[in-house]
Amino acid sequence: MGFNGIKAEVNVPGQIPWEIILIYFIGAVLLALYFGKKTGGLKAFTTVDLVYIGIAGAFSVVWEFYIGSFIGRFIPSTPFVSVGFWGRFVIVLIVAALVRKVGTGMLTLFIFSLLSDIFHYGFGGEPMFFIYETLTYGLFVDLMIAATGGHIFNIGKELTGGGTGSATATRLSTVLALIQGAVLGFSWSIPDPIFYSAFFSPFIYGSYVNWSHILFNLVAFIPGDVIIGAIGAILAVRIAKAVGQ
Amino acid sequence: MSVFHEVVSWLILLYGVALPVAVILGVVRLTGLKEITRFETGSGFLYRLNPITKVAFGVVVMIVASVTIWWIGATLTLAVSLLYLTMKDGLKKFGYLLALIFTSLVGSTWSVAPYVPDTILSMVFPNPSSYQVLWVWPSYFLAMGYQPELTLQALIYGVQIGFRVTAVLSSALLLILTTTTSDIFRMFTKLRVPLAITFSLLVGVKTVPKIFELLDSSVKMQFLRGLGEGKPRVLYPFLFFYAGLQGIVPTMVYLLRGAKTMAISADTRGFRAFNRRTEMKELGFGREDYVTFAVIVGLLALAIIANYLGFGRSIPYVGS
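And the structure:
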């Protein structure tokens, strides 16, 4: 019967070997711990950061399970368009722009998973979803925050543009934000087909692995996610400004 | 293939997607979503249960529904839904829940049935040659991952998978509807979850119904200001959606702006001054909790007996 509804199937035909998955997640945990130690971990968040993260978690749940899923019903189900997922992506980008601390992505995705358990899924299958959501989607956002030195989408960073004036600097900053959003979009297309369909779905539910389906999904997810990532980055900058960062 | 065939194919596809939307817009509405995600004081036995008991119950319902045959999931869905009648405004909440369950069933049937290949169906219904073909899709539907034909067996399979989801959906909302935020906070503290995480989570729990409330006001305001005036009533659902979408960014900015006030208020009360909280009220287990635990054990026994008697899960999930 497994633990908490998890079937723990590891030898399903086509499934990614569990050793590879384990190595990835051990590496991801070490990375998270390293950042945690360097930046102060959970203690580094101020109370207002925690409120932002809570609100973002709530919005993601409302969007993904209520609003997005109903809009999604109007659209023929294809892997190219994923309204629910895109909404969550944009919301995570917004909270990343507001908080800009390493750990924001992981904590937001963790809270999102907890809230979706409470409101929608129930706690079955945990803790696998915490591990999966937090250390893939969340970690990718945090890596971007770390790579930009806490200035994701160039927020809070002075770009002088080499003395060519503020208009050029703004344009440069927008282009950089677009690129960062697009890179994040690309990274967000990977976990669902690769980690979920080829490992977690059979691991938890004992479902089947179909690699032609997985590769098709991977290729189909990329264009939409990249575009939404770029748009989301711009939206995140706008909202961060409107909120008064 | 004829134009008639094309039109009917798209109508069937849109029926599956539009019916749940119509139910949500017409029956549940934003007010319903708000009421089914928010705690209200009440006096039924669910309100007296320890939140840990409620979480344990939800987990067990999920486990039982996922390891047993579909009709056990369906029975659980019905049984858990009846519990809603013991809540405050129980009948209304029961009605909203039924609407949600119905949309979830139609939605999940439609997201499974057209895609399931015969190789998987044959594990549930042996002998694919006896399948009753209901509709043949136009060939380009295959690009969306559709199987060439929609069979009666695929539809039954979809409904059966759906009942697993509905059992979980109905038991997941129990906790949130009958537990105060402070008690959920106490539960997580008791489970040694770090304060930072518990706090963010609770902000989230409080925010979900608030979002529906704000969106609802935003939509109403837009209609009051003349949206849709003189337009035919048929267009109203679309206008409603349009108004809802228009409301999202302002709602978000409004809530995020309020975040500072909430943070200051928490800080002035000494939030996170110490790593642990001092409890004024201890969460205890009462008679109702023990009864529920007995039910939980009974459910687990049911799952084992069902599996032993051959009523275990016979439906494989489709890998996607």
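As you go down the protein sequences, you meet chains A and B in turn. Take the position in the first sequence, starting the count at 1, then add 12; the result is the number in this note's numbering. Take the position in the second sequence, starting the count at 1, then add 325; the result is the number in this note's numbering. Yeah, the Cβ is synthetic: ideal placement off N, Cα and C, and Gly gets one too. Here the structure is a predicted model, which is why all the values come from computation and not from measurement.
Through-space distance from residue j to residue i, alpha-carbon basis
i	j	result
B:Y440	A:T160	42 Å
B:S334	B:K585	52 Å
A:M13	B:S391	Unreliable positioning characterises A:M13 in this predicted model, as indicated by a pLDDT of 47, which lies under 50. The coordinate reading is nonetheless provided below. Distance between the alpha carbons of A:M13 and B:S391: 10 Å.
A:A108	B:N632	46 Å
A:S199	B:M605	46 Å
A:V73	B:S454	43 Å
B:I337	B:A343	10 Å
A:E76	B:G432	14 Å
B:R594	B:A399	47 Å
B:S590	A:V111	19 Å
B:R582	A:V255	5 Å
B:I486	B:V449	12 Å
B:S645	A:F97	The predicted position of B:S645 is uncertain, since its pLDDT is 40 and thus under 50; no value can be drawn from it.
B:V461	B:S436	17 Å
B:R511	A:L105	31 Å
B:Q457	B:D443	12 Å
A:V60	B:M587	8 Å
A:S128	A:T180	43 Å
A:W223	A:K113	37 Å
A:R270	B:A598	The structure shown does not extend to residue 270 of chain A, since chain A is modelled only from 13 through 257, so no value can be given for it.
A:A194	A:P235	9 Å
A:D237	A:I246	14 Å
B:F725	B:D414	What the structure shows of chain B is the stretch from 326 to 645, and residue 725 of chain B is not part of that stretch, so it cannot be assessed.
B:G609	B:D592	29 Å
B:T362	A:H163	36 Å
A:D154	A:A248	15 Å
A:I28	B:S429	31 Å
A:G26	A:E145	22 Å
B:M546	B:R558	18 Å
B:Y372	B:I481	37 Å
B:L540	B:Y421	18 Å
A:I33	B:E331	44 Å
A:D35	B:M387	The sequence given here has Ile at residue 35 of chain A, not Asp. Distance between the alpha carbons of A:I35 and B:M387 is about 30 Å.
A:V231	A:H225	10 Å
B:L634	B:T366	43 Å
B:Y471	B:L459	14 Å
B:L410	A:V187	55 Å
B:T491	A:F135	14 Å
B:L355	A:F71	15 Å
Among the options, the one whose alpha carbon lies nearest that of residue i
i	options	result
B:S327	B:G383, B:S464, B:Y340 and B:A631	B:S464
A:V102	A:I239, A:Y144, A:D61 and A:P205	A:I239
A:K55	A:G115, A:G236, A:K169 and A:I234	A:G115
B:D508	B:G367, B:N375, B:Y482 and B:L498	B:N375
B:M577	B:V559, B:D541, B:I536 and B:K545	B:I536
B:S525	A:L151, A:F57 and A:I35	A:F57
B:L560	B:A347, B:L408, B:F329 and B:T532	B:A347
B:D614	B:V332, B:W396, B:K379 and B:L416	B:K379
A:V24	A:G244, A:P214, A:G48 and A:S201	A:P214
B:K531	B:P575, B:T504 and B:L408	B:T504
A:V95	A:I251, A:F233, A:A252 and A:R250	A:F233
A:Y78	B:I349, B:F427, B:A381 and B:Y409	B:I349
B:L527	B:A479, B:T506 and B:A424	B:T506
Residue i, enclosing beta strand (DSSP E) - first and last residue
i	result
B:W460	V458 to V461
B:E607	Segment: none, B:E607 is in no beta strand (DSSP E) and carries neither H nor E.
Boundaries (first-last residue) of the alpha helix (DSSP H) holding residue i
i	result
B:L499	L477 to T503
B:W396	W395 to L408
B:P534	L520 to L549
B:Q571	Y561 to T593
A:P205	Neither: A:P205 is in no alpha helix (DSSP H) and is coded neither H nor E.
B:G415	G415 to V437
B:P345	V328 to V348
B:M412	Neither: B:M412 is in no alpha helix (DSSP H) and is coded neither H nor E.
A:F229	Contrary to the premise, residue 229 of chain A reads as Asn rather than Phe in this sequence. From DSSP, the alpha helix (DSSP H) with A:N229 extends over W223 to V255.
B:V389	P376 to V392
B:T356	R354 to E360
Cβ-Cβ separation, residue j to residue i (assumed contact under 8 Å), whole Å
i	j	result
B:A521	A:L62	6 Å
B:T402	B:S495	6 Å
A:Y220	B:I445	7 Å
B:V385	B:L624	5 Å
A:F131	B:I501	6 Å
A:G137	A:I216	5 Å
A:F212	A:M140	6 Å
A:F165	A:Q192	6 Å
B:L564	B:G553	4 Å
A:T120	A:F207	Not confirmed; about 18 Å, so no contact.
B:G529	A:G69	4 Å
| said: For a minimum of 4 consecutive residues, which ranges assigned as the alpha helix (DSSP H) are wholly contained in the region 38–111 of chain A? | reply: Fully enclosed alpha helix (DSSP H) runs of no fewer than 4 residues occupy 59–73, 80–86 and 95–111 of the region 38–111 of chain A, in order along the chain.
| Where are the alpha helix (DSSP H) runs, 4 residues long or more, that stay fully inside the region 125–150 of chain A, in chain order? | For the region 125–150 of chain A, the continuous alpha helix (DSSP H) assignments of 4+ residues that do not extend past its boundaries occur at 140–145, in sequence order.
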